[in-house]
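Engineer: As they're listed, the protein sequences go chains A and B.
In my numbering, each residue carries its 1-based index in the first sequence increased by 1.
In my numbering, each residue carries its 1-based index in the second sequence increased by 1.
Note that beta-carbon positions come from the ideal geometry of N, C-alpha and C, so glycine has one too.
Fair warning: this is a prediction, and the values are worked out from it, not measured in the lab.
Below is one structure. I have some questions about it.
Number of protein chains: 2
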Amino acid sequence: MMERRFSRQVNCGGVLIGGDAPVSIQSMLNTDPHNFDTSKEQIDTLVNAGCEIIRITVPDTKSLETLKLITEYSSVPIVADIHFDYRLALGAIEAGVSKVRINPGNIGSDDRVKAVADAAGAKGIPIRIGVNSGSIEKNILEKYGNTAEALVESALYHVSLLEKFDFKDIVISIKSSDVNKTISAYEQIAKATNYALHLGVTEAGTYTQSAVKSSIALGSLLTRGIGDTIRVSVTGDPAEEIEIAKAILSATGNRKFGPKIVSCPTCGRTKVDLIGVCKEVEKRLAKCTKDIKVAIMGCAVNGPGEARDADIGLAGGTEEFLLFSKGEIIRKIPASRAVEELIEEIDKL
Amino acid sequence: MMERRFSRQVNCGGVLIGGDAPVSIQSMLNTDPHNFDTSKEQIDTLVNAGCEIIRITVPDTKSLETLKLITEYSSVPIVADIHFDYRLALGAIEAGVSKVRINPGNIGSDDRVKAVADAAGAKGIPIRIGVNSGSIEKNILEKYGNTAEALVESALYHVSLLEKFDFKDIVISIKSSDVNKTISAYEQIAKATNYALHLGVTEAGTYTQSAVKSSIALGSLLTRGIGDTIRVSVTGDPAEEIEIAKAILSATGNRKFGPKIVSCPTCGRTKVDLIGVCKEVEKRLAKCTKDIKVAIMGCAVNGPGEARDADIGLAGGTEEFLLFSKGEIIRKIPASRAVEELIEEIDKL
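Printed below as a string of structure tokens:
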């Protein structure tokens with residue numbers, strides 16, 4: 002992993018973004034913004050899954066009432082997603098949100114931009130400028146086409162409107178649904194500014210599509226030290242986004258979320274139900290916070306060798322498993338007891 | 002995407018690997034190598050999913066009989082996975098495999114390496130050298146530790162043993178279960194040789210873990226022009242590997258597998274069952290080979306704009322969808338007819 006890009010740190014309701022702060026995980030509610038009960042329930046699900054910042058759309062004045070209840074209820078910072086109407090941004094800040102996502106170029110006059118910047122500044126709330134490949138200004142599109150350069154130019158335009166009023170607690174996102182364009186846009190903006198970056202691929206699709214696109218784009222950037230907070234977009238249950246986000250941050254080495262499980266794909270040499278054992282161990286360790294490496298391997302010949310640096314592991318034999326630690330075989334376990342005894346050993350670590 | 006690295010092309014039973022050949026998709030059977038019926042069934046599943054090369058373990062002499070039946074049966078090239086016993090490699094070549102995966106340093110004397118190289122050479126069959134982080138030679142581990150450099154050094158050692166006998170139809174893989182180490186190892190070997198590279202992350206884990214790790218590592222490499230054939234390892238159903246592999250090659254722009262679907266993650270503005278519609282469209286288009294972009298968006302305000310360059314798409318309203326093409330609204334469709342009419346329009350394209 003390359004050294005992390007320097008970025009100006011902002012404070013989103015106690016969750017620091019940028020600088021040396023851990024790369025945080027965001028999601029967005031897809032519940033009715035006028036329904037507190039369903040929103041509350043989804044907040045619980047997301048927080049329980051490990052979401053650290055939650056965004057919610059604020060489409061009208063009526064939703065500000067629910068928003069107030071939500072900011073009071075939520076244990077994690079709430080971000081208001083505002084389009085076009087600066088009064089909703091002011092209302093959301095009043096309702097206690099910890100960040101506002103708004104593109105100043107879309108809200109009209111300088112006066113309005115100043116009103117939002119001043120209100121956010123007074124409460125120490127950062128603003129995210131969120132440019133998507135589908136919302137680039139016409140004049141920029143004409144000049145650059147729908148390219149990474151256009152995304153960057155659009156973001157810098159919105160940034161300049163905030164800087165005009167000395168507002169600098171800025172986070173930037175420039176998302177495309179195209180992986181290569183997303184990577185290129187973030188690489189360019191990373192050089193052009195020192196603001197914190199919110200990474201994401203827009204309209205990434207359903208689970209597998211999103212896991213793959215988000216992993217390639219965010220993974221490429223994070224391994225090059227770019228990115229301060231991430232959102233994985235899934236057309237599906239928002240909690241799925243958190244599972245993928247955690248896996249990305251863990252795989253790139255940015256964050257640790259409990260045991261790292263390595264397991265082989267099985268092959269014709271495997272004579273145990275490795276897939277079943279593996280899924281069960283994964284489930285049993287879901288809440289474990291130990292920073293260990295657990296290897297679950299199909300065959301006794303390669304097993305211990307393949308996972309020489311695992312803290313503990315299983316290697317399948319015939320109707321039994323070998324329990325091993327750091328490449329050394331400890332003892333044999335009958336297949337039916339494998340999960341139980343592995344978990345017991347992990348508890349002892 | 003950067004320009005593709007030059008690599009020496011080999012022919013694996015009609016599927017070209019390296020040079021300007023499309024990056025191919027591999028998987029491996031996890032059926033009993035002595036059971037032709039279950040193996041045959043899994044070959045069908047894999048081929049149907051889009052697998053282009055299938056590997057199978059050859060653990061003993063008895064499995065050579067089944068292997069012969071398999072090579073005769075399979076419509077895609079079969080690769081023999083050999084460990085330690087050079088006679089099994091000779092037997093597999095005799096049984097009609099299209100490639101052998103073997104590490105010459107593990108099979109004993111120079112005579113044996115020469116026997117395998119000559120037999121493969123006589124039939125024009127390439128050999129893959131497959132180094133994993135768990136199988137590095139002791140002397141190399143002592144010198145380099147378990148690092149990317151050790152993987153590269155080990156691979157180059159095995160390569161040198163084949164080159165000694167003028168064998169050059171080589172493919173190399175150097176897989177680690179660590180994403181950063183995998184990327185670094187392939188970057189180094191890509192510079193050190195011009196042999197074709199088989200990309201993969203070893204012991205990548207269950208579905209999500211593997212999708213994420215494989216996407217980061219393979220995606221990072223492919224977008225930099227490195228990689229000629231890929232295998233995604235999943236502890237699970239091998240057909241899942243193909244779904245992820247296709248998504249990776251599609252997202253990086255290496256290959257096209259029919260329509261590209263972009264869909265939003267939904268939010269509080271969404272008033273239709275977008276997730277349901279999206280999953281249904283994905284299913285209905287699974288066998289479609291048209292090179293088009295289909296956008297399925299939750300809201301009527303951003304929908305058409307977000308997908309300006311989509312060939313066709315849906316944007317959700319209240320109880321209805323807008324059908325749009327290239328950012329222009331065509332007509333309204335009641336929610337219950339949305340999937341049907343979208344598919345009809347796609348059929349007309």
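Anything in chain B within Cβ reach of Pro60(A), meaning under 8 Å, just list it in chain order.
Structural biologist: In chain order: Gly269, Arg270.
Engineer: Are the CB atoms of Pro266(B) and Thr236(A) within a distance shorter than 8 Å?
Structural biologist: Result yes, Cβ atoms of Thr236(A) and Pro266(B) sit closer than 8 Å.
Engineer: CB of Glu244(B) to nearest heavy atom of the ligand GDP: below 7 Å?
Structural biologist: This structure simply doesn't include the ligand GDP, nor any ligand for that matter.
Engineer: Quick check on DSSP: helix, strand or coil for Ile71(A)?
Structural biologist: In this structure, Ile71(A) counts as helix in the three-state DSSP scheme.
Engineer: So, Lys257(B) versus Gly51(B), is the Cβ gap smaller than 8 Å?
Structural biologist: Result no, Cβ atoms of Lys257(B) and Gly51(B) do not sit closer than 8 Å.
Engineer: Answer yes or no: does any C-beta atom of chain A fall closer than 8 Å to that of Thr194(B)?
Structural biologist: Answer no: the Cβ-Cβ gap between Thr194(B) and chain A never drops below 8 Å.
Engineer: Tell me the residue span of the beta strand (DSSP E) that contains Ile26(A).
Structural biologist: That run of the beta strand (DSSP E) goes 25-29.
Engineer: Let me check understanding here. Comparing Cα to Cα, which of Cys13(A), Asn133(A), Gly314(A), Leu162(A) lies closest to Asp112(A)?
Structural biologist: Per the Cα distances, Leu162(A).
Engineer: Of all the CB atoms in chain B, is at least one closer than 8 Å to the CB of Ser221(A)?
Structural biologist: Taking Cβ atoms only, chain B reaches closer than 8 Å to Ser221(A), which makes this a yes.
Engineer: Cα separation between Phe85(A) and Leu222(A)?
Structural biologist: C-alpha separation (whole angstroms): 30 Å.
Engineer: Quick one: complete beta strand (DSSP E) runs, 3+ long, within the region 28-100 of chain A?
Structural biologist: The region 28-100 of chain A contains these whole beta strand (DSSP E) runs: 54-58, 79-82.
Engineer: With distances taken between CB atoms, is the gap from Asn255(A) to Val16(A) smaller than 8 Å?
Structural biologist: No, the pair does not count as a contact, with Cβ atoms beyond the cut-off.
Engineer: Run down chain A in chain order and give the residues with a C-beta less than 7 Å from the C-beta of Lys214(B).
Structural biologist: Going along chain A in sequence order, the residues near Lys214(B) (Cβ under 7 Å) are Ala252.
Engineer: Between Ser216(A), Ile227(A), Thr224(A), which has its C-alpha nearest Val233(A)'s C-alpha?
Structural biologist: Closest option to Val233(A), Cα to Cα, is Ser216(A).
Engineer: Examine the Cβ distances between the region 172-180 of chain A and the region 118-134 of chain A and report whether three or more of them are shorter than 8 Å.
Structural biologist: Yes: at least three Cβ pairs fall under 8 Å.
Engineer: With Arg6(B) as the anchor, note down where its beta strand (DSSP E) starts and where it stops.
Structural biologist: It is not in any beta strand (DSSP E) - Arg6(B) carries neither H nor E in the DSSP assignment.
Engineer: Quick one: give me the first and last residue of the alpha helix (DSSP H) that Val115(B) is part of.
Structural biologist: The amino acid at residue 115(B) is misidentified as Val; the sequence shows Lys. Start and end: 111-124.
Engineer: Contact between the region 88-105 of chain A and the region 59-66 of chain A is defined here as three or more beta-carbon pairs at a separation below 8 Å; is this criterion met?
Structural biologist: Yes, the region 88-105 of chain A is in contact with the region 59-66 of chain A.
Engineer: CA-CA distance, Arg102(A) and Ala149(A)?
Structural biologist: The straight-line gap from Cα to Cα measures roughly 21 Å.
Engineer: At a Cβ cut of 7 Å, what residues of the region 28-54 of chain B count as close to chain A, listed as they run along the chain?
Structural biologist: Under the 7 Å Cβ criterion, the region 28-54 of chain B contributes Met29, Leu30, Asn31, Thr32, Asp33, Pro34.
Engineer: Could you check if Phe168(B) is buried or exposed, using at least 16 other CB atoms within 10 Å of its CB as the buried criterion?
Structural biologist: The residue is buried, with at least 16 neighbouring Cβ atoms inside 10 Å.
Engineer: Interface residues of chain B around Gly228(A) at Cβ under 8 Å?
Structural biologist: Correct list: empty, because the minimum Cβ distance to chain B is about 13 Å.
Engineer: Look at the alpha carbon of Ser251(B) and the alpha carbon of Glu188(A), and state the distance between them as a whole number of angstroms.
Structural biologist: If I take the Cα positions, the gap works out to 21 Å.
Engineer: Can you give me the Cβ contacts of Met29(B) inside the same chain, cut-off strictly under 6 Å, excluding the 5 residues immediately before and after it?
Structural biologist: Excluding sequence neighbours, Met29(B) sits near Arg56.
Engineer: Run through chain A and tell me which residues come within less than 8 Å of Ala296(B), C-beta to C-beta.
Structural biologist: Neighbours of Ala296(B) on chain A, chain order: Glu204.
Engineer: Note down, in chain order, every chain B residue with its Cβ under 7 Å from the Cβ of Leu198(A).
Structural biologist: Here the premise fails: no neighbours, minimum Cβ distance about 18 Å.
Engineer: Can you give me the start and stop residues for the alpha helix (DSSP H) that Glu244(B) sits inside?
Structural biologist: That run of the alpha helix (DSSP H) goes 239-252.
Engineer: Using the beta-carbon of each residue, which ones in chain A are nearer than 8 Å to Thr209(B)?
Structural biologist: Per Cβ cutoff of 8 Å: Ala212, Glu244, Ile245, Ala248.
Engineer: What number of angstroms, rounded off, separates the C-alpha of Arg9(B) from the C-alpha of Asn181(A)?
Structural biologist: C-alpha separation (whole angstroms): 26 Å.
Engineer: Nearest-angstrom Cα distance between Lys349(A) and Cys268(A)?
Structural biologist: Taking the straight line from one Cα to the other gives about 31 Å.
Engineer: Are Ser177(A) and Ala186(A) close, meaning C-beta to C-beta below 8 Å?
Structural biologist: Against a cut-off of 8 Å, the Cβ pair of Ala186(A) and Ser177(A) comes out as a contact.
Engineer: When burial is assigned at 16 or more other CB atoms within 10 Å of the CB, is Met298(A) buried or exposed?
Structural biologist: Label assigned to Met298(A): buried.
Engineer: Could you please give the first and the last residue of the uninterrupted beta strand (DSSP E) stretch that includes Asn147(B)?
Structural biologist: First-last for Asn147(B): undefined, no H or E at that position.
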